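Heads up, the thing below is written out as C-alpha cells.
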Amino acid sequence: MMISHQAEDILEALWIATEEKGDHGALLETLGLRPDDAALEELDRLAFVDIQGERVHLREEGREEAQMAVRRHRLAERLTMDIFDIRGPEGDEKACEFEHLLRGAVDTKLCTLLNHPATCPHGRPIPPGRCCRDAKQQGAPGVVALTELKAGEVGEIAYLSTAEPKKMQKLMSMGVLPGNQLLLKRAYPSYIFRIGHSEFAVDQELAREIFVRPGPGS
Amino acid sequence: MQTPPADSNHPKIVLVGNPNVGKSVLFNALTGAYTTVSNYPGTSVEVSRGHCEIDGTRYEVLDTPGMYALLPITEEERVARQILLAETGHIIVHVIDARNLERMLPMTLQLIEGRLPVLLVVNILDEAERIGMQIDTALLQEKLGIPVIGAATARKRGLKEIRAAIAAFDSTRRPTFAYASDLERDILRIATTLASDYPLDRRAIALLLMQKDEEVLELVRTAEGEGFAAVETAVRAVAFERRVDLHLRISLERKRVCKGVLDGVVSQDSGARTPFSERLSGWTMNPWSGFPLLLLVLYFGLYQFVGNFGAGTVVDLLEGHLFEEWLNPWAIALSDRFLPWYWLRELITGEYGIFTLGIRYAVAIILPIVGTFFLAFSVIEDTGYFPRLAMLVDRIFKQIGLNGRAVIPIVLGFGCDTMATMVTRTLETVRERLIATVLLALAIPCSAQLGVILGLLSGAPGALLVWTLCVAAIFLVIGFLAARVTPGELPMFYMEIPPLRLPQPRNVLVKTLTRMQWYLLEIFPLFIFASVLLWAGKLSGALGGLITLLRPAMLALGLPPDTAAVFVLGFFRRDFGAAGLYDMQANGVLSVVQLTVAAVTLTLFVPCIAQFLMMKKERGWPTATGIFVFVTAVAFGCGWLLNQALLFTGVLS
Ligand SMILES: [Zn+2]
Ligand SMILES: [Zn+2]
C-alpha cells in the first residue's frame, strides 16, 4: 500500500507519542497540523487514525504501518550517520529524505547490510523486522554496538567506527583491538569492560563506536 | 622535538611504560631518597630524575610519564617520547604489567624495532601469580632476544636481578621481528626514501609515518630537506594502495607477532577465585554502593583526618602553642629591643608582619591543613580510587561541561585551589580547562577556608545547611550554564581502571613530600608578598581607602560596614577573610543571617591572590581578569539575593 510521505511522518510521530512516551494520542497543534490537513484525511480514510476534536489517536489498524515507518526512519538514520557519516542537522534532514525510499523490502536489505541494528544513533529502539527475527533464530546475532550488550555479556571486538583518528588511536593503544575478547561488566553510569586482565571505562559516546560480535558467554 | 640540555655526563637509564605498572616504585627503589621532580623543558609535564650506582658505575635515572604507545596522544605521552628520543638513554627499561603481557608487549616490540637498547621488566608478578598465571620469563627472554626480568617491585622482588641486568647490559644485541610480507614491502619502500640519521631506526620512522604521526612527519620534513617530497610521495602511495587503515593494520600485525612470542610463555590455571579487592572494586563502581562509599571516604579522609586532625589538633599545637605562646612573644620582644624604627617593627612583627602573619600563617595554619590533605589525597590516589570516582561522576560532570577525569582537580581544589588550578592542565581540551578553572575559582572552597567556615557556621543552626546548598547550587548552575555557552570540543571519557591496591607507605610519603615541597616553594613567597602588601597598605592608608570603597557594597548585602576589611583580606588568602569573619562573630556583631550571607559571599568571592596568579599563568591575563570580574559579580549578586531571600522568608532569623 502506498501512503503519502506526510502521512508516514504523522504515523511516525503518533507511534512515538503513544508507544514510546505512553501518551493518549497527540494534539493536532503539537503535530503542527490543521484539522483539514490532506494527509490526515488520508489516514482517516484508511481508518489508521481517529480524530477527536483537537486530538488524534493511532488506531489498531494503523499500528503496523506506523511501526514500520519508524523502523524505516531509524534505519535511514543509521545509514546516513554511520555509513555516510553525515551528522548534525544535515544528517537528520538526509535521513528524513532517505526513509521514504526504503519501502518495498528495501528496508530488509539495508537492515541485513547493517547487521540488524537494534537502536538508532540516538539510542532509540528500531522496531525489528522479519529479517531481524529470522537472523535471531539462525543464531546470527551479527555485530552490535557495545551499548547493546548487557552487563555480564561477552563479545569479540569486530571493529571501531569513529570519525576521529585520535580516539581510535587511543582505543587501540589501550588494547581495544579487533579480535580481542571483551567482557562488559557494567553499563551504568559508564561502560566498564574488561579485556584480558585490564578494565576500562568509556562513556556512552565512545561505547557506541565500539562494535562487538556477541559471543558465547563464559 | 628539540633537544633539552644534557645536565649530566652519566649514562642514562630511562624508565618507560603504561600508567599503573609500577614505574615510580622501581624508580624510587633504584634512586633512593635524592630525586628531583621538575617540569620537562618547554612543557608542563613533571619528570623525576635521580641517580643510582650499580657495580661502581653512576647512572642518571629518568622516570617518564605513562605512555601507551610510541605514537603520542596526550601531552604526557608526547613528553615521554621526547625523552625517549632526545635523552639518548644508555638503557631503556620498559616496565610492563605481567597480567597484561599481551596488551603491553606491542610497545616493547616498537621499542625494539626503533633499535633502542631495551631491557624488559615483567612487573607485578605476585598479583599475576595470585590469579593463577605462570610466566616463563626465561623463554620470553630467549624469544625476544633482549634481557627480560620478572619482578614485583612493590614487594622488592627482582630488584637485585634488574640491577645485575643493567650492569651486564649488552647494547649490541638488536633482534628484529618481521611483519607480513606486504607490510614489510611497504616499510622498505618508505624507509629507502629516508636519507638522514634519526634517533630511531629508519624502519621505525617508516612505521610511524605510515601511522600518520604528525611530529615524526615534521621531524622528517626538516631532516630530509629537498628529499622530503619523495618521502611524502612514497607514504601517500602506500596509504592509497592499501586502502585500509594502516594504523589498524600495523596494530593487528603487532598483536599477531606478540601472540607468537607469547606462545608457551604464559599459562593460566583457571581455578583462581575472585579476590576481595575485585568485589570491593565492583562496589565502588555501582552507584548504589559507590556514593555511600564516597561519603565514607570524604568523612574519614577529609572531615576527620584533614578537618579534625589537621585543621584542629595540629593547628592548635603549632599555632596555639608554638607560635602564640612561644615564637611570637619571643620575636616581638626581639624586634622591640633591636629595631629602632616603627615601620620596620611593623613589617617584621606587626599586625600584618612577615613573621607574625606571613610565616605564622604559612607554617602553623596552612601547612598542617594542606599537609594532611596531600597525605590523604596521595593515599586515596595510590589505592586507584580516583579512576573509579571519575567513572561514577562522569554523567553528572558531563552536565557541567566536564568529563569524569576532572574530578581529580576538583577534589584537589578542596585542598588547595591554587594547586588544583595548575592540575587542570591534565584535562584534555581547552574548554574543559577553562570551565574547571572557573568552577575552582568560584565554588570550591580550599581546605583552609573550608575549615574556618565549617567551624564558624556549625554554631548557628541552619546556617551550615543554607551555605552548603547555596554553594552546591552555584557550582551546578554555573557549570551547567558554562557547559552551554563555552565553545569547543565536547569532552569524551575513557580511562583505564587500575586494580584496587593497598598503597605503599614509601610511595605515598614521597608523593606527599613532593607536593608539600612544591607548595612551600610556590606559595610561601606569596604569603610574604601578601603580608608586605598589607603592611604597605596599612602604613600608607591605601588599605583603609580600599575598605571605604567597599563599604557601600557591604551595606547592599545587609552587612556591617566593617565586613569590608574581611573581604579585602580574603583576597590575600581565602582563609584570612574567613578568620576575620570569625573574629567579628566572636565579638557578637553579626546576626545569623548576616553571618550566612557573608560566608556564602566570601566562599564564592575571588580566588586568593596565589590562585589568581596561577590562573594568569595557566590561562593568560585576559582570561584570568575575565574570570576575576565574573566571579566577583556572581559572588556579590548571590550574596545580595540570598540576603533578600533570607530576610523575606525569615528562615534563619
Ligand atoms: Zn534516531
Ligand atoms: Zn533486520
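Residue numbers (numbering that gives the first Met the number 0), protein chains in the order written: chain A, 0 to 217; chain B, 0 to 652. A virtual CB, placed ideally from N, CA and C, is assigned to each residue, including glycine. Please read all numbers here as calculations on a predicted model, not as lab measurements.
- The continuous stretches of alpha helix (DSSP H) do not include B:Val243, and DSSP gives it neither H nor E.
- Residues of the segment 377 to 393 of chain B with a C-beta atom less than 9 Å from some C-beta of chain A are Pro386, Arg387, Ala389, Met390, Leu391, Val392, Asp393, listed in chain order.
- Interface with chain A (7 Å Cβ-Cβ cutoff): B:Pro286 is included.
- Taking C-beta separations shorter than 6 Å and ignoring five residues to either side along the sequence, A:Leu205 has no partners in its chain.
- Secondary structure of A:Lys149 (DSSP, three-state): coil.
- The segment 173 to 188 of chain A and the segment 151 to 159 of chain A touch, with three or more beta-carbon pairs separated by less than 8 Å.
- The alpha-carbon separation between A:Gly195 and A:Gly151 amounts to approximately 15 Å.
- B:Trp534 counts as buried, since at least 16 other C-beta atoms from the protein chains shown sit within 10 angstroms of its C-beta.
- Of all residues in the segment 89 to 117 of chain B, only Arg98, Asn99, Glu101, Arg102 place a beta-carbon less than 7 Å from a beta-carbon of chain A.
- B:Phe413 and B:Leu301 do touch by the CB rule: their CB atoms are close to 7 Å apart, below 8 Å.
- Assignment of alpha helix (DSSP H) within the segment 381 to 430 of chain B, counting only whole runs of 4 or more residues, yields 384 to 398, 406 to 412, 416 to 422 in chain order.
- The segment 446 to 457 of chain B and the segment 478 to 491 of chain B do not touch, with fewer than 3 CB-CB distances between them shorter than 8 Å.
- For B:Lys22, not one C-beta of chain A is nearer than 7 Å to its own C-beta.
- Per DSSP, A:Lys184 is one residue of the beta strand (DSSP E) stretching across 180 to 185.
- Excluding its 5 nearest sequence neighbours in each direction, B:Ala564 has C-beta neighbours in its own chain below 7 Å: Ile546, Gly579, listed in chain order.
- When 8 Å is used as the limit between beta carbons, B:Met491 is near these residues of chain A: Lys166, Asp202, Glu204, Leu205, in chain order.
- What B:Ile72 touches in chain A, judged by beta-carbon distance under 7 Å, is Lys165, Gln168, Lys169, going in chain order.
- For B:Val451, the closest C-alpha among the options B:Trp517, B:Ser377, B:Ile365 is that of B:Ile365.
- In the DSSP assignment, A:Gln5 falls outside any beta strand (DSSP E) and within the unbroken alpha helix (DSSP H) covering 4 to 14.
- The Cβ atoms of A:Arg77 and A:Leu113 sit closer than 7 Å to each other.
- Residue contact check for A:Ser197 against chain B: a CB pair falls below 7 Å.
- Secondary structure of A:Phe199 (DSSP, three-state): strand.
- If you ignore the 5 residues before and after B:Gly31, its C-beta comes within less than 8 Å of the C-beta of Gly49, Cys51, all in its own chain and listed in chain order.
- Taking 7 Å as the CB threshold, B:Lys254 lines the interface with chain A.
- Contact annotation, B:Val94 with B:Leu14: C-beta distance approximately 6 Å; criterion of less than 8 Å satisfied.
- Using a Cβ-Cβ cut-off of 8 Å, A:Ile191 is close to Met284, Met390, Ile496 of chain B, given in chain order.
- The C-beta separation of B:Gly478 from B:Gly400 comes to about 6 Å, placing the pair in contact by the 8 Å criterion.
- Using a C-beta cut-off of 8 Å, the segment 117 to 126 of chain B makes no contact with the segment 261 to 270 of chain B, since fewer than three inter-stretch Cβ pairs fall below that distance.
- A Cβ of chain A is located within less than 7 Å of the beta carbon of B:Tyr67.
- Remark: C-beta atoms of A:Asp49 and A:Arg58 approach each other more closely than 7 Å.
- In this structure the segment 101 to 115 of chain B does not lie against the segment 124 to 137 of chain B, because fewer than three pairs of beta carbons, one per stretch, are closer than 8 Å.
- Among the residues of chain A, those whose CB is under 8 Å from the CB of B:Leu251 are Leu176, Pro177, Gly178, following chain order.
- A distance of 7 Å or more separates the beta carbons of B:Ile626 and B:Ala375.
- With respect to B:Ala609, B:Thr371 sits apart: the two C-beta atoms are not nearer than 7 Å.
- B:Val147 and B:Gly157 have their C-alpha atoms roughly 11 Å apart.
- At a C-beta separation below 7 Å, B:Leu83 has no neighbours in chain A, since its nearest C-beta there lies roughly 15 Å away.
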